[in-house]
Amino acid sequence: MQASFTVNGTVRSVDVPEDMPLLWILRDKIGLMGTKYGCGIAQCGACTVHLDGIAVRSCQVRAYELDGAEITTIEGLGTPDTPHPVQEAWIETQVAQCGYCQSGQIMQAVSMLSDNPSPSDDEIDDVMSGNLCRCGTYPRIREAVRLAIQKQGA
Amino acid sequence: MGKLRTLTRRTFLVGSSAVAGGVAFGVYRAKAPFENPNLAELPEGAASFNPWVIIDAEKITLIAPHADKGQGVFSAQAALIAEELDIELDQVEISFGTPDKAYMNGALTAAMVPFPQYDYGKVAEGARRFVGGVVRAALPIMGTGGSSAMPDSYDKLREAGAVARETLKAAASQQAGVPIEDLRTENGAVWLPDGTALTYTSLAATAAQIEPVTNVALRDPSQWRILGKPMERVDIVAKSTGTLPYGIDYKTEGMLFATVKVNPRQGGALISFDATAALAMDGITDVFEITGGIAVVANNTWTAIHAANAVTCEWRKATYPPEQDAHWAALSASFTDDRLNAEARNVGDVDAALGAEVIAEYRSPYVAHAPLEPLNATILVSDDRVDVWTGHQLQMFAVDMVAEITGMDGDNVHLHNQFIGGSFGHRLEFDYLKQAAEIAVKMRGTPVKMTYSREEDFAHDFPRHITMGRGIGKHENGKVTALDVQIAGQSVMTSQMSRMGFSLPGPDTQLHEGAWDYPNLNLPNIRVRSYKETGLAPVSSWRSVGAAPNGFIYDTLLDETIHAAGADPLMERIRLMGHEVSVKVLETVGEMCGWNGHDLGTGRGRGVAYVFSFGVPVATVVEVTQTDRGIRLDEVWVAADVGQVIDPVNLENLAQGGTLFGLGHAMNCEITYSDGMAQQSNYHDHEAMRLYQAPKVNFTALENNPKIKGFGEPPVPPAAPALGNAIFAATGQRIRELPFNKHIDFV
Amino acid sequence: MQSLFRIFMPVFVCILGTISWADGDTPATISAPAAGSVTPAEGLAAFDRVYEVVSHPRCANCHTGPDNVPMWYGDSAGPARPHGMNINAGQSRIGVETLICSSCHRTSADLRSAPHAPPRAGLDWQLAPVEFEWFGKTPAEICAQLSDPDRNGGRDWMGLAEHLVDDAGHFGFVLWGWNPGGGRDPAPYSLQAHVDDVLIWGVAGQPCPVDTN
Numbered sequence: 000m001q002a003s004f005t006v007n008g009t010v011r012s013v014d015v016p017e018d019m020p021l022l023w024i025l026r027d028k029i030g031l032m033g034t035k036y037g038c039g040i041a042q043c044g045a046c047t048v049h050l051d052g053i054a055v056r057s058c059q060v061r062a063y064e065l066d067g068a069e070i071t072t073i074e075g076l077g078t079p080d081t082p083h084p085v086q087e088a089w090i091e092t093q094v095a096q097c098g099y100c101q102s103g104q105i106m107q108a109v110s111m112l113s114d115n116p117s118p119s120d121d122e123i124d125d126v127m128s129g130n131l132c133r134c135g136t137y138p139r140i141r142e143a144v145r146l147a148i149q150k151q152g153a
Numbered sequence: 000m001g002k003l004r005t006l007t008r009r010t011f012l013v014g015s016s017a018v019a020g021g022v023a024f025g026v027y028r029a030k031a032p033f034e035n036p037n038l039a040e041l042p043e044g045a046a047s048f049n050p051w052v053i054i055d056a057e058k059i060t061l062i063a064p065h066a067d068k069g070q071g072v073f074s075a076q077a078a079l080i081a082e083e084l085d086i087e088l089d090q091v092e093i094s095f096g097t098p099d100k101a102y103m104n105g106a107l108t109a110a111m112v113p114f115p116q117y118d119y120g121k122v123a124e125g126a127r128r129f130v131g132g133v134v135r136a137a138l139p140i141m142g143t144g145g146s147s148a149m150p151d152s153y154d155k156l157r158e159a160g161a162v163a164r165e166t167l168k169a170a171a172s173q174q175a176g177v178p179i180e181d182l183r184t185e186n187g188a189v190w191l192p193d194g195t196a197l198t199y200t201s202l203a204a205t206a207a208q209i210e211p212v213t214n215v216a217l218r219d220p221s222q223w224r225i226l227g228k229p230m231e232r233v234d235i236v237a238k239s240t241g242t243l244p245y246g247i248d249y250k251t252e253g254m255l256f257a258t259v260k261v262n263p264r265q266g267g268a269l270i271s272f273d274a275t276a277a278l279a280m281d282g283i284t285d286v287f288e289i290t291g292g293i294a295v296v297a298n299n300t301w302t303a304i305h306a307a308n309a310v311t312c313e314w315r316k317a318t319y320p321p322e323q324d325a326h327w328a329a330l331s332a333s334f335t336d337d338r339l340n341a342e343a344r345n346v347g348d349v350d351a352a353l354g355a356e357v358i359a360e361y362r363s364p365y366v367a368h369a370p371l372e373p374l375n376a377t378i379l380v381s382d383d384r385v386d387v388w389t390g391h392q393l394q395m396f397a398v399d400m401v402a403e404i405t406g407m408d409g410d411n412v413h414l415h416n417q418f419i420g421g422s423f424g425h426r427l428e429f430d431y432l433k434q435a436a437e438i439a440v441k442m443r444g445t446p447v448k449m450t451y452s453r454e455e456d457f458a459h460d461f462p463r464h465i466t467m468g469r470g471i472g473k474h475e476n477g478k479v480t481a482l483d484v485q486i487a488g489q490s491v492m493t494s495q496m497s498r499m500g501f502s503l504p505g506p507d508t509q510l511h512e513g514a515w516d517y518p519n520l521n522l523p524n525i526r527v528r529s530y531k532e533t534g535l536a537p538v539s540s541w542r543s544v545g546a547a548p549n550g551f552i553y554d555t556l557l558d559e560t561i562h563a564a565g566a567d568p569l570m571e572r573i574r575l576m577g578h579e580v581s582v583k584v585l586e587t588v589g590e591m592c593g594w595n596g597h598d599l600g601t602g603r604g605r606g607v608a609y610v611f612s613f614g615v616p617v618a619t620v621v622e623v624t625q626t627d628r629g630i631r632l633d634e635v636w637v638a639a640d641v642g643q644v645i646d647p648v649n650l651e652n653l654a655q656g657g658t659l660f661g662l663g664h665a666m667n668c669e670i671t672y673s674d675g676m677a678q679q680s681n682y683h684d685h686e687a688m689r690l691y692q693a694p695k696v697n698f699t700a701l702e703n704n705p706k707i708k709g710f711g712e713p714p715v716p717p718a719a720p721a722l723g724n725a726i727f728a729a730t731g732q733r734i735r736e737l738p739f740n741k742h743i744d745f746v
Numbered sequence: 000m001q002s003l004f005r006i007f008m009p010v011f012v013c014i015l016g017t018i019s020w021a022d023g024d025t026p027a028t029i030s031a032p033a034a035g036s037v038t039p040a041e042g043l044a045a046f047d048r049v050y051e052v053v054s055h056p057r058c059a060n061c062h063t064g065p066d067n068v069p070m071w072y073g074d075s076a077g078p079a080r081p082h083g084m085n086i087n088a089g090q091s092r093i094g095v096e097t098l099i100c101s102s103c104h105r106t107s108a109d110l111r112s113a114p115h116a117p118p119r120a121g122l123d124w125q126l127a128p129v130e131f132e133w134f135g136k137t138p139a140e141i142c143a144q145l146s147d148p149d150r151n152g153g154r155d156w157m158g159l160a161e162h163l164v165d166d167a168g169h170f171g172f173v174l175w176g177w178n179p180g181g182g183r184d185p186a187p188y189s190l191q192a193h194v195d196d197v198l199i200w201g202v203a204g205q206p207c208p209v210d211t212n
């Protein structure tokens with residue numbers, strides 16, 4: 000099928016199987032590699048992107064859902080030279096070890112903070128526990144989220 | 000070649016150095032036995048003073064040959080060079096370099112001598128030098144593992160930086176006609192007395208014409224600018240902006256995508272397959288047989304995985320027992336003289352020792368590595384060369400494996416090592432690489448990226464080896480008097496080395512590592528024996544290898560015996576230890592948590608554990624509360640001594656992460672076999688730690704260890720026994736089998 | 000917001016997939032027995048079957064209590080445990096307070112899903128209202144609840160049957176229960192049999208079992 004949607008502000012039209020997941024459309028068709036494959040079944044959160052402003056697991060979004068959708072990936076959030084405030088918090092806290100999950104962690108955190116600018120520790124735990132980090136950077140993820148809250152509140 | 004990609008605002012280079020033709024230099028010092036691999040293709044006007052530094056008129060390139068799978072060694076290696084080179088990390092490009100024996104890991108042999116790593120006596124050190132020399136001559140291994148990157152790099156890379164610096168000063172002296180003594184270096188330049196700065200890049204051509212200066216002294220740590228202070232990892236911006244390419248992200252023109260489906264009964268053959276349904280799918284290029292299974296090549300990864308699921312295969316049986324119970328039964332029957340792997344330690348007389356006995360049996364299961372980046376490799380087989388883009392910890396073996404399958408001379412196999420999204424040991428294995436090579440041979444002329452599905456990754460992991468422990472602890476008058484520990488395990492080294500074409504010479508030290516070298520120098524009676532099983536599932540090194548199961552067995556037995564004796568778990572461990580560096584670690588963790596006994600009142604408790612692994616003593620205290628829905632992990636304190644700290648920020652991150660890694664797997668992870676297949680298929684049933692369960696982890700690093708040590712693995716082993724000991728303190732329930740959630744719930 | 004097209008376009012996709020009725024048909028029909036034609040014993044027997052359905056993991060896992068935590072339980076999910084990843088659907092029962100269910104459970108009439116992947120349905124994935132708590136409840140408790148308009152959405156027995164058919168017509172959770180995808184066990188019997196059993200039970204006067212213990 001032909002799916003037309005917006006990725007990071009750019010209109011994309013791709014010819015793909017109708018149930019091809021957005022994750023693989025981004026990676027193998029569009030070439031945006033910041034969104035990661037980890038499990039394929041929404042168990043790890045590494046593929047988290049924003050669909051119409053809400054965090055979703057892109058491995059679960061099928062091509063037929065995409066027509067007219069607005070997608071934001073980690074690449075659309077900020078750049079190395081002009082990172083998003085949440086990315087700045089991640090950099091300053093030096094969260095990453097292997098870093099493979101961090102695109103998804105950051106996308107989930109940004110979505111959380113846009114809904115709830117100052118989540119409690121329990122709320123952070125509730126929202127962020129769907130994002131698996133095999134290296135165990137969780138203490139720093141919590142710390143970075145708190146720093147991001149400060150940055151965005153400032 | 001030479002396609003450099005800008006990765007971050009701190010630009011650095013990934014892949015092989017972009018050099019061709021050029022000037023040759025002498026080897027920079029007599030004791031460096033291998034030629035500098037950078038010299039072969041060095042362009043005119045570029046200088047490479049040693050295997051780790053290349054400078055030309057445009058840029059400075061530092062070679063960081065150790066694989067980076069998240070532990071931060073890419074950054075740390077560069078920092079070691081930059082410290083002595085008087086340059087900042089944002090002024091250089093960093094490359095993983097080309098696999099070469101010049102980058103042999105000189106620290107891997109530390110564990111190959113029969114002396115515990117806390118023994119720095121003349122005999123032990125002499126033996127290490129001797130074995131190191133033999134290995135260097137016979138089989139120089141370039142590799143990353145065993146928490147060895149820092150011990151291997153610490154002197155070598157600082158020397159590399161110092162040699163380059165002094166050579167650049169000599170070049171500046173010649174170019175400017177100023178005596179060397181009047182020159183100083185700072186910020187990537189040699190400074191003349193009049194304040195003129197000659198950048199290193201401007202000196203490259205002159206430096207290329209002179210012999211490297213080799214009589215250099217390393218700076219005292221008190222003079223350091225970079226090392227020992229909080230650093231910003233050079234990959235942190237890229238990893239926080241989704242711009243760091245891992246192996247799985249490699250892309251090139253005309254590339255196709257593949258996956259494999261290999262007999263889930265490990266090592267079993269493929270009898271037949273039917274790919275009719277798969278071949279009918281849009282986007283499929285081909286489905287064909289490879290060793291032990293099939294490969295699917297398609298125009299995207301999802302289609303390849305989707306199609307592979309649609310291929311029906313008939314498989315041969317596995318060579319190991321199909322059902323999990325038989326694995327435990329085999330280990331249970333392995334505690335016999337003919338299976339004795341080693342009597343690794345025998346002090347005093349455990350049989351004659353007096354005291355009441357604690358008798359216990361422990362189980363540590365198979366556990367998956369399951370790094371978040373699924374295994375992958377991109378390979379292009381051309382007429383005269385093979386290019387491989389993957390992340391691997393044993394780079395030269397990886398080249399050899401690909402050379403053998405592609406029929407290409409090893410010199411023409413070019414491995415471009417990539418950043419790795421976690422390994423935990425899985426990237427020491429070769430199956431995925433060999434499969435990718437088989438696919439690339441079939442698809443000659445087309446680059447093909449082979450990616451495992453997560454399910455294939457689980458089915459084809461070589462998990463942590465299964466282990467059973469039997470212990471007798473004795474105590475008298477409130478003191479522990481003897482520990483007799485027997486450990487039977489599937490031999491991880493036998494299994495792993497067999498896949499590299501080696502047989503294991505001598506006993507498998509991983510079957511008692513972490514137990515035999517648990518100091519306890521004041522305990523009069525200790526015996527540690529290990530028993531080797533080889534007929535079970537194929538297994539591989541899993542972060543901290545033997546020290547995780549063995550540390551769990553040894554320390555839990557110790558804890559049980561201390562409790563039976565009525566002694567304080569921390570004080571008695573300190574009394575028994577007798578190894579000063581370790582005593583300080585235990586005392587420190589006690590101070591950090593305000594230790595005042597293990598019992599914190601109803602439903603709350605603390606457990607302490609200690610394990611010595613990879614030369615690092617680590618003590619961990621876990622505090623838990625029993626809630627109406629299960630055990631909650633409240634807080635953790637960790638103290639460790641790695642010797643000189645290179646980057647306190649990264650060290651703390653590794654301490655937190657390694658501890659949570661150890662805790663998470665102890666709580667809820669095991670691989671079990673049924674019908675010869677791993678029953679766990681994805682993260683829903685092999686979950687490890689999630690954020691909501693992760694307690695705060697406090698960390699203190701001590702620096703009394705006489706030599707620098709690595710810290711990728713040592714935080715892991717004490718986590719499991721500390722948690723088990725805490726659960727006992729809180730509930731009175733002693734759990735002797737991992738994972739703990741088979742016996743208790745966690746919230 | 001997603002366009003209706005994006006939500007229901009998959010209907011046409013899935014008709015080719017797992018759903019077995021033909022285009023234009025309804026998934027189940029309502030045909031109540033004549034008044035007085037069902038004995039109380041037959042009504043109780045029908046309720047036993049209704050209970051088998053509503054206590055089945057496909058149904059009960061999302062009919063959980065005031066902690067707002069869905070459950071993972073049954074066949075491929077193993078012994079009962081709270082939904083992994085610390086999921087809490089919140090008082091909204093749809094996760095807006097924390098992680099909205101549809102982050103993973105997509106709204107789609109295409110009910111197919113991979114093994115262990117989040118199932119999807121044509122209605123936004125959510126927990127049933129808290130007063131409809133079924134998980135771990137006894138037959139008598141659930142029967143009383145289904146008979147109580149305050150705890151069943153203000154419905155009589157016919158209303159319950161109509162609710163089942165209506166939900167199924169939206170490719171909702173009722174239909175999903177018998178078409179769960181991903182190798183999951185479907186709820187017992189069939190949607191039509193379940194509707195029929197509710198009607199039999201209703202015509203019999205909604206008799207309720209007594210818990211034996």
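Chains A, B and C, in that order, give the protein sequences.
Quick note on numbering that gives the first Met the number 0: the first sequence kicks off at 0 and runs consecutively.
Quick note on numbering that gives the first Met the number 0: the second sequence kicks off at 0 and runs consecutively.
Quick note on numbering that gives the first Met the number 0: the third sequence kicks off at 0 and runs consecutively.
Where a beta carbon is used, it is the ideal one built from N, C-alpha and C, also for glycine.
- In the three-state DSSP reduction, B:Cys312 falls in the strand class (E or B).
- The secondary-structure analysis by DSSP pairs B:Gln485 across a beta bridge with B:Arg469 and B:Arg528.
- DSSP places A:Val55 inside the beta strand (DSSP E), whose first and last residues are Ile53 to Arg56.
- Using a CB distance below 9 angstroms, no part of the segment 145-156 of chain B faces chain A.
- At least one CB of chain B lies nearer than 8 angstroms to the CB of C:Met84.
- In the DSSP assignment, B:Pro616 falls within the unbroken beta strand (DSSP E) covering Val615 to Thr626.
- Contact note: A:Arg139 reaches chain B through Asn652 and Gln655, using a C-beta cutoff of 8 angstroms and chain order.
- Taking CB atoms only, C:His104 has no neighbour in chain B less than 8 angstroms away.
- Looking at the DSSP output, B:Lys478 shares a beta bridge with B:Glu475.
- The DSSP-derived three-state label of B:His415 is strand.
- B:Pro738 is a Cβ neighbour of B:Met666, given a cutoff of 8 angstroms.
- Under the 8 angstroms criterion on CB atoms, A:Asp124 is classed as interfacial with respect to chain B.
- As the crow flies, the alpha-carbon of B:Gly292 is around 43 angstroms from that of A:Gly52.
- Per DSSP, B:Thr284 lies in no alpha helix (DSSP H); the unbroken beta strand (DSSP E) holding it starts and ends at Ile283 to Ile289.
- Check the Cα spacing between B:Gln485 and each of B:Leu182, B:Arg224, B:Thr466 and B:Leu503: the tightest is with B:Thr466.
- B:Asn740 is bridged by DSSP to nothing; it lacks a bridge partner.
- Shown in chain order are the members of the segment 55-80 of chain A whose Cβ falls below 9 angstroms from a Cβ of chain C: Val55, Arg56, Cys58, Gln59, Val60, Arg61, Tyr63, Glu64, Leu65, Asp66, Gly67 and Ala68.
- For C:Ala45 against A:Ala41, the beta-carbon gap comes to about 38 angstroms, at or over 8 angstroms, which does not count as contact.
- Where B:Glu356 is concerned, the enclosing beta strand (DSSP E) starts and stops at Ala355 to Ser363.
- Judged by DSSP secondary structure, B:Met449 falls outside any alpha helix (DSSP H) and instead within the beta strand (DSSP E) spanning Val447 to Thr450.
- Taken in chain order, the unbroken stretches of alpha helix (DSSP H) that lie wholly in the segment 83-152 of chain B and span 4 residues or more are 121-137.
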